[in-house]
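Those sequence lines, one after another, are chains Z and G.
Mapped onto numbering that gives the first Met the number 0, the consecutive letters of the first sequence carry residue numbers 0 to 155.
Mapped onto numbering that gives the first Met the number 0, the consecutive letters of the second sequence carry residue numbers 0 to 244.
Where is the CB? At the ideal position from N, CA and C, for every residue including glycine.
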Amino acid sequence: MPQKAAIDWSFPITVQQMVKLGKTSNKRSKEGRSVEQLLKLVGMAGMESRRLNQLSGGQQQRVLLARALIQESDILLLDEPYSAIDPPTRAHLLDVMRQQAEVGQTLLVSSHDWGKALDSYDRVLVIDRHLVANGTPAQVRNTIRDMDSVMGDCCG
Amino acid sequence: MALMVGSICPAAGSLLITQRRILLANLMAHSVLPGLVVAIALEVDPSIGGLISGLIGALVAERLNQRFRGREEGSMNTVLAGFTALGVLMVPLLKARIDLESILFGDILTAGGIDLVRTGLAALALVMLFTTRYQDLVFIGVDPEGALAARRPVSQIRFTAIVITALVVISAITAVGIVLVIGLLCAPVLVHVERSTSLRNLILKSCGTGLLLCGGGMMLAVLLDLPPGPLIGVLCMVLLFLRRP
Numbered sequence: 000m001p002q003k004a005a006i007d008w009s010f011p012i013t014v015q016q017m018v019k020l021g022k023t024s025n026k027r028s029k030e031g032r033s034v035e036q037l038l039k040l041v042g043m044a045g046m047e048s049r050r051l052n053q054l055s056g057g058q059q060q061r062v063l064l065a066r067a068l069i070q071e072s073d074i075l076l077l078d079e080p081y082s083a084i085d086p087p088t089r090a091h092l093l094d095v096m097r098q099q100a101e102v103g104q105t106l107l108v109s110s111h112d113w114g115k116a117l118d119s120y121d122r123v124l125v126i127d128r129h130l131v132a133n134g135t136p137a138q139v140r141n142t143i144r145d146m147d148s149v150m151g152d153c154c155g
Numbered sequence: 000m001a002l003m004v005g006s007i008c009p010a011a012g013s014l015l016i017t018q019r020r021i022l023l024a025n026l027m028a029h030s031v032l033p034g035l036v037v038a039i040a041l042e043v044d045p046s047i048g049g050l051i052s053g054l055i056g057a058l059v060a061e062r063l064n065q066r067f068r069g070r071e072e073g074s075m076n077t078v079l080a081g082f083t084a085l086g087v088l089m090v091p092l093l094k095a096r097i098d099l100e101s102i103l104f105g106d107i108l109t110a111g112g113i114d115l116v117r118t119g120l121a122a123l124a125l126v127m128l129f130t131t132r133y134q135d136l137v138f139i140g141v142d143p144e145g146a147l148a149a150r151r152p153v154s155q156i157r158f159t160a161i162v163i164t165a166l167v168v169i170s171a172i173t174a175v176g177i178v179l180v181i182g183l184l185c186a187p188v189l190v191h192v193e194r195s196t197s198l199r200n201l202i203l204k205s206c207g208t209g210l211l212l213c214g215g216g217m218m219l220a221v222l223l224d225l226p227p228g229p230l231i232g233v234l235c236m237v238l239l240f241l242r243r244p
């Protein structure tokens with residue numbers, strides 16, 4: 000899942016076509032859920048025929064997540080999935096990612112702003128030029144409790 | 000001939016505008032001039048000289064873009080002007096017997112069978128690109144980094160698109176000339192790009208508009224006894240004002 004800035008949102012393409020592109024990016028993908036099922040999962044049901052530039056920032060992020068999920072790959076890399084989105088969308092995306100983890104998919108998420116979401120992950124690596132902490136959320140909190148400049152409000 | 004040019008230019012333009020490479024296309028349109036002059040002076044097919052020269056122009060621009068990163072528009076426009084100037088200079092230098100005005104602004108009345116074949120070949124190349132690489136063209140347009148990461152043949156497709164653009168430009172010379180072809184590449188696409196729901200949809204709508212523009216422009220030119228190339232160029236601009244916001 001790329002950063003939002005990497006996408007040309009004005010390109011003439013609908014939500015449905017955009018999600019289908021995920022299959023192009025992984026030729027070995029297994030037959031899995033349909034575009035409609037995935038859009039329902041990410042809270043975008045009924046928006047299949049909308050153009051990308053008619054969507055809000057949060058909806059665009061959901062489309063990118065659906066495009067990543069349609070690949071049905073074992074490991075998903077998510078680059079800054081929470082950038083420029085509202086708290087309800089953030090909570091929804093986190094919920095979907097949690098469900099994927101529960102069915103056995105590995106998710107690697109990079110973010111500079113963890114906020115309260117830190118506890119949603121099984122393992123956390125904190126990198127500030129070099130590896131600062133590595134472990135469960137609780138272990139990471141203990142390791143870098145006094146490093147507010149790195150972790151923001153997650154340890155508050 | 001005008002109708003064929005009216006459909007292939009917007010088809011190529013749809014690709015170039017959605018991939019944000021229209022400036023490169025304009026540069027190539029001007030870069031074909033030195034090659035055309037050399038080919039005519041050497042009495043070989045001008046389209047071969049134009050194609051080679053157009054590709055050299057694109058390669059020079061890509062090279063300079065790396066040197067002037069972040070200021071690409073400036074370097075590309077300088078190359079565009081440089082190649083046009085080089086072409087103009089070559090006419091007296093090679094003592095070529097060329098009607099420069101008809102190359103720059105078109106003269107459809109001089110179009111012959113070879114021009115029709117050339118345009119047909121450009122149309123065939125475009126159709127083949129769209130039918131065999133459609134999904135990749137969409138992927139590269141909407142998410143170029145993603146297409147690279149997915150190991151799509153981005154460089155090859157972009158190079159093929161550049162070659163086909165050069166072919167389309169050369170085909171359009173007799174109808175609208177190398178200066179005005181950019182209007183046909185852009186205007187029919189711009190009026191539809193915001194309301195099209197797919198690249199295919201955009202190509203079809205743009206081709207239809209391009210056909211009307213060229214057909215209408217030709218008829219108007221005959222009625223008013225004006226040169227068709229410049230008239231079509233003006234109609235392209237008027238079209239943008241007619242589009243409802």
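For residue j and residue i, the rounded distance between their alpha carbons
i, j, result
"Met17 of chain Z", "Val126 of chain G", "23 Å"
"Glu71 of chain G", "Ala24 of chain G", "14 Å"
"Val59 of chain G", "Leu223 of chain G", "42 Å"
"Gly134 of chain Z", "Ile74 of chain Z", "19 Å"
"Ala165 of chain G", "Phe104 of chain G", "17 Å"
"Gly156 of chain Z", "Ile12 of chain Z", "Since the first residue of chain Z shown is 0 and the last is 155, residue 156 of chain Z is not available in this structure."
"Ser197 of chain G", "Ser205 of chain G", "12 Å"
"Phe240 of chain G", "Met0 of chain G", "27 Å"
"Asp7 of chain Z", "Pro87 of chain Z", "25 Å"
"Arg15 of chain G", "Gly45 of chain Z", "It is Leu, not Arg, that sits at residue 15 of chain G in the sequence shown. Roughly 31 Å between the two C-alpha positions."
"Val139 of chain Z", "Ser72 of chain Z", "28 Å"
"Met75 of chain G", "Val31 of chain G", "15 Å"
"Gly48 of chain G", "Ile7 of chain G", "21 Å"
"Gly209 of chain G", "Pro226 of chain G", "18 Å"
"Ile126 of chain Z", "Leu107 of chain Z", "14 Å"
"Arg199 of chain G", "Gln134 of chain G", "10 Å"
"Asp114 of chain G", "Gln104 of chain Z", "58 Å"
"Gly228 of chain G", "Val178 of chain G", "10 Å"
Proximity test, Cβ basis, 7 Å: residue i and chain G
i, result
"Ile143 of chain Z", "no"
"Thr105 of chain Z", "no"
"Thr88 of chain Z", "no"
"Leu54 of chain Z", "no"
"Asp7 of chain Z", "yes"
"Leu63 of chain Z", "no"
"Leu75 of chain Z", "no"
"Pro80 of chain Z", "no"
"Thr135 of chain Z", "no"
"Met40 of chain Z", "Checking the displayed sequence, the identity of residue 40 of chain Z turns out to be Leu instead of Met. With 7 Å as the cut-off, Leu40 of chain Z does not count as an interface residue toward chain G."
"Leu20 of chain Z", "yes"
"Ile69 of chain Z", "no"
"Phe12 of chain Z", "Note that residue 12 of chain Z corresponds to Ile in the displayed sequence, not to Phe. With 7 Å as the cut-off, Ile12 of chain Z counts as an interface residue toward chain G."
Residue from the options whose Cα sits closest to the Cα of residue i
i, options, result
"Val180 of chain G", "G:Met27, G:Arg19, G:Arg20, G:Asp98", "G:Met27"
"Leu234 of chain G", "G:Phe82, G:Leu183, G:Leu41", "G:Leu183"
"Thr248 of chain G", "G:Glu193, G:Val167, G:Asp114, G:Leu219", "For residue 248 of chain G there is no data in the structure shown, the boundaries of chain G being 0 and 244."
"Phe138 of chain G", "G:Ala122, G:Met217, G:Ile156", "G:Ile156"
"Ala5 of chain Z", "Z:Asp85, Z:Arg89, Z:Gln59", "Z:Gln59"
"Ile84 of chain Z", "Z:Asp7, Z:Leu54, Z:Arg66", "Z:Leu54"
"Ile231 of chain G", "G:Gly176, G:Arg150, G:Val37, G:His29", "G:Gly176"
"Glu61 of chain G", "G:Gly48, G:Asp44, G:Ala186, G:Leu79", "G:Leu79"
"Leu50 of chain G", "G:Cys213, G:Ser13, G:Ile169, G:Ala146", "G:Ile169"
"Val162 of chain G", "G:Cys213, G:Ile107, G:Ala121, G:Glu100", "G:Ala121"
"Ser9 of chain Z", "G:Pro229, G:Leu201, G:Gly207, G:Leu238", "G:Leu201"
"Ala160 of chain G", "G:Gly12, G:Leu2, G:Val4, G:Pro229", "G:Gly12"
"Arg40 of chain Z", "Z:Ser82, Z:Leu63, Z:Gly56", "One point to set straight first is that residue 40 of chain Z is Leu, not Arg, in the sequence displayed. If we check each option's Cα against that of Leu40 of chain Z, Z:Leu63 comes out closest."
"Arg61 of chain Z", "Z:Leu76, Z:Ile69, Z:Leu38, Z:Gln70", "Z:Leu38"
"Ala100 of chain Z", "Z:Tyr81, Z:His111, Z:Leu76", "Z:Leu76"
Buried or exposed (CB count within 10 angstroms, at least 16 for buried), residue i
i, result
"Arg243 of chain G", "exposed"
"Arg20 of chain G", "buried"
"Gly155 of chain Z", "Confidence at Gly155 of chain Z is low in this model, with a pLDDT of 42, below 50, so the placement of that residue is unreliable and no value is reported for it."
"Arg150 of chain G", "exposed"
"Met217 of chain G", "buried"
"Arg50 of chain Z", "buried"
"Met236 of chain G", "exposed"
"Arg68 of chain G", "exposed"
"Ile172 of chain G", "buried"
"Val37 of chain G", "buried"
Test: residue i CB closer than 7 Å to a CB of chain Z
i, result
"Val141 of chain G", "yes"
"Glu61 of chain G", "no"
"Glu144 of chain G", "yes"
"Phe129 of chain G", "no"
"Thr77 of chain G", "no"
"Arg242 of chain G", "no"
"Thr17 of chain G", "yes"
"Thr196 of chain G", "yes"
"Phe82 of chain G", "no"
"Leu201 of chain G", "yes"
"Phe158 of chain G", "no"
Could you tell me whether the segment 129-147 of chain Z touches the segment 129-143 of chain G, where touching means 3 or more Cβ pairs closer than 8 Å?
no
Segment contact flag, the segment 127-142 of chain Z with the segment 86-95 of chain G, C-beta cutoff 8 Å, min 3 pairs
no
Is it the case that the segment 88-101 of chain Z contacts the segment 116-128 of chain Z, given that we only count it when at least three CB pairs across the two stretches are under 8 Å?
yes
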